[in-house]
Amino acid sequence: MAKVKGDVVIDIERCKGCEVCTTACPNEVLAMSTQVNSKGYRFVVKVNADCIGCANCAIVCPDGVITVYKSKV
Amino acid sequence: MEQNFDLPEIHTPENLVYTKTKVLTDNVMHYCPGCGHGTVHRLIAEVIDEMGIQDQVIGVAPVGCSVLAYNYFDIDMQEAAHGRAPALATGIKRVFPEKFVFTYQGDGDLAAIGTAETIHACNRGENITIIFINNGIYGMTGGQMAPTTLPGMPTSTSPYGRDVKMMGNPLKITELVAMLPGTYFVTRQAVHTPALVRKTKKAIRMAFENQKLNRGVSFVEIVSNCNSGWKLTPVQAIKWLEENMLPFYPLGDLKVNGEMVSK
Ligand SMILES: Cc1ncc(C[n+]2csc(CCOP(=O)(O)OP(=O)(O)O)c2C)c(N)n1
Ligand code: SF4
Ligand code: SF4
Ligand code: SF4
Numbered sequence: 000m001a002k003v004k005g006d007v008v009i010d011i012e013r014c015k016g017c018e019v020c021t022t023a024c025p026n027e028v029l030a031m032s033t034q035v036n037s038k039g040y041r042f043v044v045k046v047n048a049d050c051i052g053c054a055n056c057a058i059v060c061p062d063g064v065i066t067v068y069k070s071k072v
Numbered sequence: 000m001e002q003n004f005d006l007p008e009i010h011t012p013e014n015l016v017y018t019k020t021k022v023l024t025d026n027v028m029h030y031c032p033g034c035g036h037g038t039v040h041r042l043i044a045e046v047i048d049e050m051g052i053q054d055q056v057i058g059v060a061p062v063g064c065s066v067l068a069y070n071y072f073d074i075d076m077q078e079a080a081h082g083r084a085p086a087l088a089t090g091i092k093r094v095f096p097e098k099f100v101f102t103y104q105g106d107g108d109l110a111a112i113g114t115a116e117t118i119h120a121c122n123r124g125e126n127i128t129i130i131f132i133n134n135g136i137y138g139m140t141g142g143q144m145a146p147t148t149l150p151g152m153p154t155s156t157s158p159y160g161r162d163v164k165m166m167g168n169p170l171k172i173t174e175l176v177a178m179l180p181g182t183y184f185v186t187r188q189a190v191h192t193p194a195l196v197r198k199t200k201k202a203i204r205m206a207f208e209n210q211k212l213n214r215g216v217s218f219v220e221i222v223s224n225c226n227s228g229w230k231l232t233p234v235q236a237i238k239w240l241e242e243n244m245l246p247f248y249p250l251g252d253l254k255v256n257g258e259m260v261s262k
């Protein structure tokens, strides 16, 4: 089976820190930053390299924060 | 500092799986963190994008938290007076029968002040789509009890929980409109998990496609959260929704192609 690599790009200024995406990720890729954006929200960051590009996080995000890429390696 | 896990080498157009649709503007939505309104806006915009009808669709915004919906959709929209969206959509659709016309309404808007407009548009069988966000509360005005508030559910006007003896029963308006001859498609969905988001998008797509058939109202309820009104974090609210809202408002189709779905 071909291995799949995914990656997400997080628009941190749009993120409201709701954490809904973190619970939707099958591989616990996402967690909250200790920093905040200009609105004062803790934003989401990647905490491991296990993204498979499933887009679960992006489709539950109410604010269109996440862009997802997926590639076979 | 956080460790960097970026893979810029795979950020190519052919590897793109998901990005915010251009049918949504770049304005940051004013909704509270984790509010389902944003997710449903996105799904409607994606359906409009995928159907290629951006210049053929007219939306009607309600009064409620989504009163500013027209700032977020890059389509023609009209603001309705509180609860009157189905009446306004009726007029728009009759003047422009070739356009795709939809309303976007909360439960206070659709099932309280707008009950008459909702029921009569559904009974007349207007060829429109109604998107109904049921969060069981008046979000915008500070979390007051709505007709949809669950028995026992605390709100700012029922701080000890809705006492049905004194405050009356919750109204399942979706079940009610499904009984009317003018509705063609009636369904209840939710958007708090990826699988449910995918299902809701299919339902919204069908609700828009149905306008090509001219068979009556397509009505999509989405059981959603109001974290601020419920006084819960978004993640707690999702759990509360699953444990409390869904048993009372079960998900699934009520009417498909004009036929009641037997349960
Ligand atoms: C004629 C009129 N009556 C009352 C109000 C006050 N009001 C504004 S929004 C709202 C209820 C909104 O609740 P809902 O439709 O459930 O939407 P949500 O904010 O929860 O998304 C009310 C009663 C108003 N703006 N206009
Ligand atoms: S795309 Fe899937 S695996 Fe990658 S971060 Fe999002 S939810 Fe997790
Ligand atoms: S779901 Fe969206 S807004 Fe919420 S924390 Fe994740 S990226 Fe941020
Ligand atoms: S008050 Fe409730 S419905 Fe309104 S934006 Fe906030 S969470 Fe959403």
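As given, the protein sequences belong to chains A and B, one line each in that order. In terms of numbering that gives the first Met the number 0, the first sequence is residues 0 to 72. In terms of numbering that gives the first Met the number 0, the second sequence is residues 0 to 262. Glycine is no exception: its CB is placed at the ideal position from the N, C-alpha and C atoms.
Query	Result
Cβ shell of Val-56 (chain B) (< 6 Å), same chain only, five flanking positions each side left out	Ile-47, Ile-74, Phe-99
Closest by C-alpha distance to Val-66 (chain B), when choosing among B:Thr-192, B:Pro-12, B:Ala-84	B:Ala-84
Thr-21 (chain A) beta carbon near ligand 3 (any heavy atom closer than 8 Å)	yes
Cβ shell of Cys-64 (chain B) (< 7 Å), same chain only, five flanking positions each side left out	Tyr-30, His-36, Gly-105, Gly-138, Met-139
Glu-18 (chain A) CB to nearest heavy atom of ligand 3 below 8 Å	yes
Collapsed DSSP secondary structure at Thr-102 (chain B) in the structure displayed	strand
contact_flag[the segment 202-213 of chain B, the segment 181-193 of chain B] where n(CB pairs < 8 Å) is 3 or more	yes
Cβ of Lys-4 (chain A) within 9 Å of any chain B Cβ	yes
With 16 other Cβ atoms within 10 Å as the buried cut-off, status of Glu-45 (chain B)	buried
Beta-carbon contacts of Val-3 (chain A) that lie in its chain and below 7 Å, excluding the five residues immediately before and after	Ile-51, Gly-52, Lys-69, Lys-71
Validate contact between the segment 151-171 of chain B and the segment 118-125 of chain B using beta carbons, cut 8 Å, 3 pairs	no
Interface residues of chain E facing Cys-34 (chain B) [CB-CB closer than 7 Å]	Considering every chain present, this structure includes no chain E. Its protein chains are A and B.
Assigned secondary structure, Asp-62 (chain A) (DSSP; H/G/I helix, E/B strand, else coil)	coil
Interfacial residues, the segment 3-15 of chain B to chain A, with Cβ spacing under 9 Å	Asn-3, Phe-4, Asp-5, Leu-6, Pro-7, Glu-8, Ile-9, His-10, Thr-11, Glu-13, Asn-14, Leu-15
Chain B contacts made by the segment 11-28 of chain A, where a contact means CB separation under 7 Å	Arg-13, Lys-15, Gly-16, Cys-17, Glu-18, Val-19, Thr-22, Ala-23
heavy atom of ligand 4 below 8 Å from Met-139 (chain B) C-beta	yes
Alpha carbon of Met-165 (chain B) to alpha carbon of Gly-135 (chain B), nearest angstrom	18 Å
Any non-hydrogen atom of ligand 4 within 8 Å of Tyr-71 (chain B) CB	no
Collapsed DSSP secondary structure at Asp-252 (chain B) in the structure displayed	strand
Contact between the segment 11-30 of chain A and the segment 39-46 of chain A (3+ Cβ pairs under 8 Å)	yes
Ala-202 (chain B) Cβ short of 8 Å to ligand 5 heavy atom set	Among the ligands present in this structure, namely ligand 1, ligand 2, ligand 3 and ligand 4, ligand 5 is not found.
4 or more residues per run - each alpha helix (DSSP H) lying fully within the segment 135-171 of chain B	163-166
Distance between Arg-197 (chain B) and Thr-20 (chain B) (C-alpha atoms, nearest Å)	15 Å
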